[in-house]
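Undergrad: This is the structure I want to talk about, given as structure tokens.
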Amino acid sequence: MRKRLTKWRLLSLFAALTLVLAGCGEPFLSTLQPAGEVADMQYDLMVLSTLIMVVVIAVVTVIFIYVVVKFRRRKGEENNIPVQVEGNHKLEIIWTVIPILLLLVLTVPVVSATFKLADVDAIEDKNRKPEDAIVVNVRANLYWWEFEYADYGVVTSQELVVPTDEKVYFNLESNQDEVKHSFWIPSIGGKMDTNVDSNIEKGTNVNQMWLKFDSKRADQAGEYFYGKCAELCGPSHALMDFKVKAISRDEFDQWISEMENSKAVATTDLAKQGEQLFEEKGCISCHAVTPMDERPAAARTAPNLATFGERSTVAGVLKHNEESIRNWLKDPEAYKPANKMTGTYPKLNDEELDALTEYLMGLKVTSN
């Protein structure tokens, strides 16, 4: 008896935890709080399919209870056989037609949404002007993201900036020397694989999609939306995050202009010392410090640091402050296991850490 009570207590506890955890979520990281057109369509399809399943379950449950009660074995009626319905054409037609109708109710909006979401003709339009449609080339790496605004020659990493209330188109690929990843911004929609055998320049096996960021709901969500890798890709898969800043078109145009005219400037003696170390230690061979990175995609093997001083996180997972930068430079493996920066440069002493931290904190968009 005591064992049974213990089991029921555990079941009750897990049931309560399930309900509590089901309520977890933030507006910037929840598929159940959509903030864009694609997310709205996907949410509506989830609701529709759930309602259909609930109705089916409810009807089946009622029929099951009715049959159990109506045809249960009664004392003295053991030999009574109920009327058999096998071969009843009316019933057979009913339970054949109803599932077909339910499938049609679900299929029509799903197919319609699929074709609408697959409409990325604007990417291939040779007459398209940069201001007509924003196209972003997304490249996934272990364990960071690169965003290239090819029409403007601007390259960023870890933080995606997009205009609100208009379609933003994406070309998706993974670093060819690595593994497959998946691009996903839960509250905006999507989730699409980035293939390792794709090539944006050649247009081969590149997955394409579009998203639309609602300005009103972007304001409600806060400063950033969160993006994630949705494909298990290695030890730091859970840490492969990126931030999305949704701003008005005017602000976006201003940001692009600033990025096109930005330059890295070391303003203090300590920062200048850090800049020298950045070159001597070979950091510059992997990391660019200007958003106008003209190197081919294959040569961009590490995140672009042009806006590092303005970011909200370090390596996508640590708070953006001097302590986090020092900790990352000292031992990146402790924060992102299996990252490619580990072991690529000599150990740094405290003076070198201070200098590099000062230099990196000063990498911001500054116009000429």
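Be aware that the sequence shown starts at -13, since it is given in the numbering used here, and climbs by one per residue. Beta carbons: idealized from backbone N, C-alpha and C, even for Gly. Please read these numbers as outputs of a predicted model, since none were measured by experiment.
So if DSSP puts C215 in a beta bridge, which residue, or which two residues, is it bridged to?
TA: Taking the sequence shown and counting its residues from 1, one reaches residue 215 at position 229. Paired residue(s): F169.
Undergrad: Taking buried to mean at least 16 other C-beta atoms within 10 Å of its own C-beta, is P332 buried or exposed?
TA: Counted from its first residue, the sequence shown places residue 332 at position 346. Classification of P332: exposed, given that the 10 Å Cβ count is below 16.
Undergrad: What are the residues that DSSP puts in a beta bridge with Q19?
TA: Taking the first residue of the sequence shown as 1, we reach residue 19 at position 33. Per DSSP, none; premise fails for Q19.
Undergrad: Quick one: measure Cβ to Cβ for Y155 and A108, integer angstroms, because I've assumed they're closer than 8 angstroms.
TA: Here residue 155 refers to the residue found at position 169 of the sequence shown. Here residue 108 refers to the residue found at position 122 of the sequence shown. Right, their Cβ atoms sit about 6 angstroms apart.
Undergrad: Judging by CA-CA distance, which residue of V230, N181, Y210 and K153 is the nearest neighbour of K198?
TA: Counting from 1 along the sequence shown, the entry for residue 198 is found at position 212. Checking every option, the nearest Cα to that of K198 belongs to K153.
Undergrad: Less than 8 angstroms between C-beta atoms, sequence neighbours within five positions excluded: which residues of the same chain meet that for K102?
TA: Locating residue 102 in the sequence shown gives position 116, counting from the first residue. Result list for K102: M27, in chain order.
Undergrad: According to DSSP, S298 sits in a beta bridge with which residue or residues?
TA: Reading the sequence shown from its first residue, position 312 is the one you call residue 298. Answer by DSSP bridge pairing: none, since S298 is not bridged.
Undergrad: Measuring only the C-alpha atoms, how far is V192 from W(-6)?
TA: Position 206 of the sequence shown, counted from the start, is the residue given in the question as residue 192. Position 8 of the sequence shown, counted from the start, is the residue given in the question as residue -6. Distance between the alpha carbons of V192 and W(-6): 52 angstroms.
Undergrad: On the CB-based measure, 16 or more other CB atoms within 10 Å of its CB, does A81 come out buried or exposed?
TA: Here the question's residue 81 lines up with position 95 in the sequence shown. For clarity, residue 81 is Trp in the given sequence; the question names Ala instead. Answer is exposed; the Cβ neighbour count stays below 16.
Undergrad: Whole-angstrom Cβ separation of I242 and V140, contact assumed at under 8 angstroms?
TA: Taking the sequence shown and counting its residues from 1, one reaches residue 242 at position 256. Taking the sequence shown and counting its residues from 1, one reaches residue 140 at position 154. The pair is a contact, with the Cβ atoms about 6 angstroms apart (cut-off 8 angstroms).
Undergrad: Does K333 come out as helix, strand or coil in the three-state DSSP assignment?
TA: Taking the first residue of the sequence shown as 1, we reach residue 333 at position 347. It is coil, neither helix nor strand.
Undergrad: Alpha carbon to alpha carbon, how far is N354 from V275?
TA: To locate residue 354, count along the sequence shown from 1; it is residue 368. To locate residue 275, count along the sequence shown from 1; it is residue 289. Caution applies to N354, whose pLDDT of 43 falls short of 50 and renders its modelled position unreliable; the value that the coordinates give is listed next. Distance between the alpha carbons of N354 and V275: 15 angstroms.
Undergrad: Could you please give me the residues that DSSP links to S143 through a beta bridge?
TA: Against the sequence shown, residue 143 aligns to sequence position 157. Note: S143 sits in a beta bridge opposite E132.
Undergrad: Just the C-alpha distance for Y129 and H167, rounded to the nearest angstrom, thanks.
TA: Counting from 1 along the sequence shown, the entry for residue 129 is found at position 143. Counting from 1 along the sequence shown, the entry for residue 167 is found at position 181. The alpha-carbon atoms of Y129 and H167 are separated by roughly 10 angstroms.
Undergrad: Name the two residues that bound the continuous alpha helix (DSSP H) containing A285.
TA: Position 299 of the sequence shown, counted from the start, is the residue given in the question as residue 285. Note, A285: premise wrong, no alpha helix (DSSP H); not H, not E.
Undergrad: So does the region 322 to 329 actually touch the region 286 to 301, counting three or more Cβ pairs closer than 8 angstroms?
TA: Yes: the two stretches touch, three or more of their Cβ pairs being nearer than 8 angstroms.
Undergrad: Looking only at C-alpha atoms, which of T253, N313 and L349 sits nearest to L339?
TA: Numbered from its first residue, the sequence shown carries residue 339 at position 353. The option with the nearest alpha carbon to L339 is N313.
Undergrad: Only counting the same chain, and skipping five residues up and downstream in sequence, which positions put a Cβ closer than 7 angstroms to that of T253?
TA: For the purposes of this step, residue 253 is taken as residue 267 along the sequence shown, with counting starting at 1. So the qualifying residues of the chain are G348.
Undergrad: Consult DSSP for M245 and reduce its assignment to one of helix, strand or coil.
TA: As a position in the sequence shown, residue 245 is number 259, starting the count at 1. Correct three-state label for M245: helix.
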